[in-house]
Structures are given as C-alpha cells and as structure tokens.
Amino acid sequence: MFDFYFELPLLLRLVLQGTAVILVLFPLAAACSMAERKVSAWIQGRPGPNRTVPPFLAWIPGISILQKLGIFQLAADGGKFTFKEDVVPGHVNAFYFILAPIASMIPALTTVAFIPFGAYFTELADGTMKLVPIALTNLDVGLLAVFALGSLGVYSLILAGWASNSKYPFLGGVRASAQLISYELSMTLSVLPVFLWVNAPGGPGTLSLFDVVQSQSQPGFFGGMWYIFLMPLSAFIFLIALFAETNRQPFDMPESEADLVGGFHTEYGAFKWSLFFVAEYAHMIVGSGIFCLLFLGGWNPLPWVTLADVVNFGAGFLPLIASPLVMGVIGITLFLLKVGFFIFFFMWVRWTLPRFRYDQVMTLGWKKLLPLSIANLVLYAILIAVKDLYFPNL
Amino acid sequence: MAVITVERKPLSFLERTYLPNIAAGLATTFKRMVQPSETLEYPEVRPEIPVGYRGVPTLVYDPHGREKCVSCQLCEFVCPPKAIRITPGEIPADSPNAHVEKAPKEFKIDMLRCIYCGLCQEVCPEEAIWLQNQYSMTGLTREEMVNDKKRLYELGGTLPDTHFKWDKKKAAEEAAAHGGHH
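If you're matching them up, the sequences are chains L and A in order. Position in the first sequence (first residue = 1) + 150 = the working numbering. Position in the second sequence (first residue = 1) + 6 = the working numbering.
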C-alpha cells in the first residue's frame, strides 16, 4: 500500500519526514503555551482565556466549547507575536541578538530526530515479523546525540544574555550556563544504570532509545518491567535534572522574572521572544519523550503489557489493527499521551512550587544530586554485576 | 509580659528532602484545579453588592416624590476633594412643597474628583444624598463625568423614608395657626 513512498529518493523522503515531524512539534510547542495559561488559571481558580472566537466561526453550534478551552486564543497569540513590531534595541549587538532566538530553535528541533515515537511490524523477506521504530533516525548513539545537541540549547540563552548588553539578561545568561553544567552531570549519571542494564554482557552495545524500549518489552518479570520501577532513584534524579535542563520552575533561574526582570529575554519581544518559548516547550516535549522512553516503556500501554501484545490480541478480532499504519497510530497515540501527562506535570509543578534561590539551586545540584547520582550508579553497577554473575537467568 | 520560648524541633530526614511537602502541595493545587473557578464572568455576571456599599453618590426623592435636598450646602462644605458644586434656589410659592422653601437649582458632582468617602451622605441633615450601588462610572469626556442634578436624580430614584420631617412641620404649623398653640 505504501510502496510508492519507499520508492521515492531517500533525500526527498527524509525531507518529507523531517518536515512532518516539525509541523507537529512546532504547533504542539505553541499549544503548550496555551495549556500553560489554562492550567495556571484552573489552579488559581480562574477560567483562563475563554473569549476569543473568530467572528466568521461563531455561528457554528458547539464552538463555544473550543472557545472556552481557549483554542482560538492560541491563534490570536501567534498572530500577535508574528505581526507585532519586532524591536531591536539600539544598545545591543544586533547580529548576535537576532542570532540567539534562531540558535535556540536548532537544538530544540534537532533533538526530536532521535526520538522514536512508536513502532510497527514489518514483514522481512524471509517472512518473519520485525518490529521497526517510527523515528527520523534510529542511531546507535541515540541518547548521547540527544544530550550532545540538547545541551547546545543553553548557548542561545548565553548568546541572548550577552548580546542584549544589559545587566539583567547578562545575569540570566550566566545563571543558565552554570545551571546547565551543574545538572547535566547528574542527568547523564542517572541514566547510566539504565544502559548498564540494557547492555548485558555478550550482547551488542547500544545507546539507542528504541533498544531501551525494546528491553522493557521483553517477556518475564524483569523483562516487561518499566525502568521507573526497577530504578526509581534514577528516574527521580533524571526528572529533577530535566526540570533544571528545561529551565522550568522551580529551576527557572535564567528567567527569574522577580529578580532579573525577565532574565535572558528581557530585551526581547514579539516574534523573537516567541521563538525562545517555542524552543523551551519543544525542549520540554523532547525531554518528556526521553523520560517516557527510558523509564515509562515508551509506547507500551502498561507495564508487562507491550504494544505488540495488544496489537496481536486486537488483530484476533480485527486484522486491520496489525497493519503498520494502525499499529503506528496506536503506538504514537500512547506515546503522546504519556508525553502529554509529563507536560501537564511540568505545568502542575510550576504553579505549585516557588522558585529556588540561586545558591539553593547550586547546592541541590552539586551537593545533593551529584553525590546521589554517583551513589546510585555505583549501587546499580554492583547489583547488575551480581545479577549477571550469579543469577544470569533471572 | 511572658515570653514563650518555642522549641524548634530539628527537621526529620523526609522533611529536609521537602518531598512530602511538595507532594502535599501538588495535591492541594490539583484539588484546586478540579474545583469550579471563583471568577465572575464580569460583564455578563455582576457581583452581588453588599449592604452599606459606597458607590456613586446620588440624590433621592422621598416617597411622595419631593426632592429631599434643601440645598443647605453642608455636603459641598464637607466634601474633601471639593467635588460638589451646588447652586441654591427658591421653591416657587405655588408649589405644594413651598413650605420647604429651598431646593437646589443645580447640583453637580464631579466624579473625576469624588473619592467615594461618603462624608456627604453622613453630613446630610435631610438624608437626601446617598452613595448607592452603582460601582462603574465611565465617560469619554471630562464633561460626561460630571453628574448634574437631572442625572443625580435618575441615578438616585426614590428611597423609603419614615420621618416626613417637612410634612410634620407643616402640619404642626397649621395646627398652631388653628389652635394658637403648638
């Protein structure tokens, strides 16, 4: 059915796929800003933005539900940011000032290339079924590439802070760099136990995110267990570091609108400002995606219940379910639901906790999380070694 | 004065991680999230005005339709921001209310000056000026924001009265004229 697609030139296919992913990610990131406004409103006992509706659509019955949810406010916000006068203040270094928001989009939209969203069965030439990830690339260095590119995001903040030639943005940029370096360490150390577990001796070594999900989709008690149950401490440290890496409250030191006006984006407005925030939400989406892949079994619906199980079960009633298209849609939907929950969790935490003081952020990063993640790594290294040496068949 | 020294207990390990408190906080905000919102959708839903609210100052009629103000100008005198300007006038002799003698010819309250303090209402010996329920006063020009006498009576309307001071006074005077004694 889809053969014509695979006969297209490789380069064209890659461009199409990449565009499709960006066309989903970009509006999703923008929709997060509306979700943020609504969640904050509900938490604070307000209805939130609920008035906007285009006059030419207002006659449609039932449209008031969308209106109440603020769907059209999203378009209004986007239109405002696009058409507002885009000021470049006189005292800034214009080249780097304009470069910064563009640079913020690059890592935000690049990291998504390494995220598998789902999987489907394809029939090999010898007739066996093989599970294939739906992803732009399935690199063996998957997670390493995400970390390498994701941490480039801070350069745009530093660039913005520096180019603004003003003290508050500068302080915001400095804080961003210090915070990212501090939490990058614990973040990387916290996922090492996962890969120690995945890369059992004798097998081919991999850092691929698809393989991590596959190792959570095995039969057996440990095989089907999500890593959040196996390594709760890793998941916990990773989650906290994720909050810090995406500059979310309570770690939004680079922004700190109370003490730094707006931090790195003080001098920005209109479209350039909105690019920073689309990038921030894209980082959140990608970060939540990685958390779901590493610790929550990716596109598997429940612990010990894999997508393949569900699809094979469903195909017993309706063979259509096993087709690559339907299976891919089911997988992507499950994955996006999990990611959506984490986006909500990010917002929920933001409107619950106050911001840390800067020294508290540093103390937490260097004195608490780093030793904890090292201890966690050593503990799991020993446990996994014991398991591999004495209980290889567990 | 007794000084009570409160013993500060050292925080337990769990308390020092803040995690139980963060979880409690998340629970609180989640509960708040599923409750209905407390905001009134303002132009469609109006707030309930409590008794004794001090809104826009107005002039009122008594239940017989007589304007209560006798233009004594006490309110003009007491008004801290000098928002009130009264031009006193006589009541014509053929009017049924001629015995009241005086009524304002013009009564202006500049709502750009008014501070809604309610001193005019407090000082008024005739209970003629009332700060009622209207809380929203808008206009496009400075002139529009000055309430003249006509507008003040439109806003004020009629309020119940139990005294009928001037009617009693008139009755007493008439009785005195008949009986030679009052």
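Glycine included, every Cβ here is placed at the ideal spot set by N, Cα and C. Just so we're clear, the structure is a prediction, and the values are computed from it rather than from any experiment.
Quiz item: When the cut-off is 8 Å and only beta carbons count, does Leu503(L) lie next to chain A?
Solution: Taking Cβ atoms only, chain A reaches closer than 8 Å to Leu503(L), which makes this a yes.
Quiz item: Can you tell me the Cα-Cα spacing of Ala30(A) and Leu503(L), whole angstroms?
Solution: Here the alpha carbon of Ala30(A) sits roughly 11 Å from the alpha carbon of Leu503(L).
Practice problem: Mind the definition here: the region 316–328 of chain L touches the region 439–455 of chain L only if three or more C-beta pairs lie below 8 Å; say whether that holds. | Solution: No, the region 316–328 of chain L does not touch the region 439–455 of chain L.
Quiz prompt | For Ser340(L), the nearest candidate out of Leu539(L), Leu522(L) and Lys537(L) (CA to CA) | solution = Among Leu539(L), Leu522(L) and Lys537(L), the Cα nearest to that of Ser340(L) is on Leu522(L).
Quiz item: Hey, how far is the Cα of Trp501(L) from the Cα of Val428(L)?
Solution: Taking the straight line from one Cα to the other gives about 19 Å.
Quiz item: Between the beta-carbon of Leu281(L) and the beta-carbon of Phe271(L), is there less than 8 Å?
Solution: Yes. Within cutoff.
Exercise. Taking the CB atoms as reference points, tell me whether Cys126(A) and Pro166(A) lie closer together than 8 Å.
Key: No.
Quiz item: In chain L, which residues lie less than 9 Å from Ser43(A) when you measure between Cβ atoms?
Solution: Against chain L, a Cβ distance below 9 Å from Ser43(A) picks out Ala191, Trp192, Gln194, Gly195, Arg196, Pro197 and Gly198.
Exercise. Return the chain-ordered list of same chain residues with a C-beta closer than 8 Å to the C-beta of Trp172(A), the five sequence neighbours on each side being excluded.
Key: The beta carbon of Trp172(A) is closer than 8 Å to those of Arg72, Asn103, His105 and Val106 in its chain, skipping five residues each way along the sequence.
Quiz item: Which of helix, strand or coil does DSSP assign to Thr513(L)?
Solution: In the structure shown, Thr513(L) sits in a helix (DSSP, three-state: H, G or I).
Quiz item: Does DSSP put His188(A) in a helix, in a strand, or in coil?
Solution: Its pLDDT being 48, under 50, His188(A) is placed unreliably in this model, and the value from its coordinates should be taken loosely. Look at His188(A) here: in three-state DSSP terms it is coil, with no helix or strand label.
Self-check item: Per-residue DSSP class, three states only, for Glu56(A)
Solution: The sequence given here places Pro at residue 56(A); Glu does not occur at that position. Pro56(A): coil per DSSP, three-state reduction.
Practice problem: With 8 Å as the threshold, decide whether the Cβ of Trp498(L) is near any Cβ in chain A. | Solution: True, the Cβ-Cβ gap to chain A drops below 8 Å.
Quiz item: Between the region 79–90 of chain A and the region 117–124 of chain A, are three or more C-beta pairs nearer than 8 Å?
Solution: A contact is defined here as three or more CB-CB pairs under 8 Å, and the region 79–90 of chain A meets this definition with respect to the region 117–124 of chain A.
Quiz item: Is it a yes or a no for the region 453–460 of chain L touching the region 247–266 of chain L, going by three-plus beta-carbon pairs under 8 Å?
Solution: Pairwise C-beta distances place the region 453–460 of chain L out of contact with the region 247–266 of chain L, as fewer than three of them are shorter than 8 Å.
Exercise. For Lys114(A), I'd like the list of residues in its chain whose CB is within less than 6 Å of its CB, leaving aside the five on either flank, ordered along the chain.
Key: Leaving aside the five residues that flank Lys114(A) on each side, the residues in its chain whose CB is nearer than 6 Å to its CB run, in chain order, Arg91, Val152 and Asp154.
Practice problem: Identify, in the order they occur along the chain, each residue of the same chain with its Cβ nearer than 7 Å to the Cβ of Leu330(L), setting aside the five sequence neighbours on each side. | Solution: By the criterion of a C-beta distance shorter than 7 Å, Leu330(L) is surrounded in its chain by Ser301, Val304 and Glu395, once the five residues flanking it on both sides are discounted.
Exercise. Please work out which residues of its chain come closer than 6 Å, Cβ to Cβ, to Trp136(A), disregarding the five sequence neighbours upstream and downstream, and give them in chain order.
Key: Here Trp136(A) has Thr64, Val66 and Gln127 as same chain residues with Cβ atoms under 6 Å from its own Cβ, once five neighbours each way along the sequence are excluded.
Quiz item: For Thr23(A), does the count of other Cβ atoms within 10 angstroms reach 16, so buried, or fall short, so exposed?
Solution: Classification of Thr23(A): exposed, given that the 10 Å Cβ count is below 16.
Quiz item: Going along the chain, which residues of its own chain have a beta-carbon closer than 7 Å to the beta-carbon of Gln273(L), five neighbours each way excluded?
Solution: It should be pointed out that residue 273(L) corresponds to Glu in this sequence rather than to Gln. If we look at Glu273(L) and ignore the five residues flanking it on each side, its Cβ neighbours are Met279.
Quiz item: Counting only beta-carbon atoms, is Leu17(A) nearer than 8 Å to chain L?
Solution: No, its Cβ sits nowhere closer than 8 Å to a Cβ of chain L.
Quiz prompt | CB contact check: Arg38(A) to chain L, cutoff 8 Å | solution = Yes, contact with chain L.
Self-check item: Within the region 127–184 of chain A, ranges of the beta strand (DSSP E) (whole runs, at least 3 residues)
Solution: Runs of the beta strand (DSSP E) spanning 3 or more residues and lying entirely within the region 127–184 of chain A occur at 135–137, in chain order.
Quiz item: In chain order, what residues of the same chain have a beta carbon less than 6 Å from the beta carbon of Thr144(A), not counting five sequence neighbours either side?
Solution: Hits under 6 Å: none found.
Quiz item: By the 10 Å Cβ neighbour count, where 16 or more other Cβ atoms means buried, how is Ser336(L) classified, buried or exposed?
Solution: Buried, by the Cβ-count rule.
Practice problem: Could you tell me how far apart the beta carbons of Val108(A) and Val76(A) are, in whole angstroms, since I believe they sit closer than 8 Å? | Solution: The residue asked about is misnamed: residue 108(A) is Lys in this sequence, not Val. With 8 Å as the limit, Lys108(A) and Val76(A) qualify as a contact, their Cβ atoms being about 5 Å apart.
Practice problem: Give the interface partners of Leu32(A) over in chain L, defined as CB-CB distance under 8 Å, in chain order. | Solution: Chain order gives the chain L residues near Leu32(A) as Trp498, Val499 and Thr502, where near means a beta carbon separation below 8 Å.
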